[in-house]
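Trainee: My questions all concern the structure below.
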Amino acid sequence: MQQEHCKILSLPKSQQGVTLIEVLISIVLMAIIGLGGAFIAGRTAVIHRDQNIHLHTIGQLRQQLENSTQCGSKSTGTHSEKVKIVGKEVQVDCTVKTQAFTVDTFNNSNPKQGVAASTVNVSYAEIKISADDSFVPIKVQISP
143 MQQEHCKILS LPKSQQGVTL IEVLISIVLM AIIGLGGAFI AGRTAVIHRD
193 QNIHLHTIGQ LRQQLENSTQ CGSKSTGTHS EKVKIVGKEV QVDCTVKTQA
243 FTVDTFNNSN PKQGVAASTV NVSYAEIKIS ADDSFVPIKV QISP
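In terms of this note's numbering, the sequence shown opens at residue 143 and continues consecutively.
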């Protein structure tokens with residue numbers, strides 16, 4: 143039995159190490175793409191969290207305004223209250239304002255002739271997140 147030796151294929155000197163360099167370049171490019179993807183995913187997560195807090199804040203402030211026992215029933219002026227948003231207490235400033243409106247009634251047969259005029263005072267509440275609060279990223283203000 144005769145043993146055959148396989149011949150080692152030798153590359154020309156100008157091509158030695160080219161494959162290694164190609165692999166290293168592709169690893170560097172993949173690392174850059176991976177880091178970019180991780181950065182974008184991180185920023186997206188932060189934006190998503192901020193939007194969720196913003197939506198919860200708007201819902202809680204609307205509920206606060208709709209409750210007649212809360213902000214809207216107090217006397218004219220600014221009041222500070224605590225509201226729970228996503229388990230954290232947030233300071234809100236509630237301002238109750240009064241505005242006078244003039245109401246005119248007109249005769250149907252002659253719309254240019256006024257029959258009666260009266261002044262109506264309307265009280266409404268305006269609620270907003272306190273400026274020094276750091277939990278809510280977007281400061282919300284709700285008023286009619």
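Backbone N, C-alpha and C fix where the C-beta goes; we use that ideal spot for every residue, glycine too.
Of all Cβ atoms in chain C, is any one closer than 8 Å to the Cβ of E268?
Mentor: Among the protein chains of the structure shown there is no chain C, as only one such chain exists.
Trainee: Compute the distance between the beta-carbons of V238 and V225, then report whether it is under 8 Å.
Mentor: no
Trainee: Would you call the CB atoms of I227 and H198 closer than 8 Å?
Mentor: yes
Trainee: Please report the straight-line C-alpha distance between N194 and L171, rounded to a whole angstrom.
Mentor: 35 Å
Trainee: Roughly how many whole angstroms lie between the Cα atoms of H196 and Q283?
Mentor: 11 Å
Trainee: According to DSSP, simplified to helix, strand and coil, what is I280?
Mentor: coil
Trainee: A273: buried (16+ other C-beta within 10 angstroms of its C-beta) or exposed?
Mentor: exposed
Trainee: How would you call G182, buried or exposed, if buried means at least 16 neighbouring beta carbons within 10 angstroms?
Mentor: As written in the sequence, residue 182 is Ile, which differs from the Gly given in the question. It counts as exposed.
Trainee: May I have the straight-line CA-CA distance separating F248 from D275, to the nearest angstrom?
Mentor: 50 Å
Trainee: With distances taken between CB atoms, is the gap from V245 to F277 smaller than 8 Å?
Mentor: no
Trainee: Which residue or residues does DSSP assign as beta-bridge partners of Q193?
Mentor: For Q193, which the question treats as bridged, DSSP gives no partner whatsoever.
Trainee: Starting from A267, follow its DSSP beta bridges and name the residues at the other end.
Mentor: DSSP output for A267 lists V238 as bridge partner(s).
Trainee: Sorted by chain position, which residues of the same chain lie with C-beta nearer than 6 Å to E268's C-beta, five sequence neighbours on each side aside?
Mentor: T237 and S285
Trainee: Using the beta-carbon count (16 or more within 10 Å), is I271 buried or exposed?
Mentor: Result: buried.
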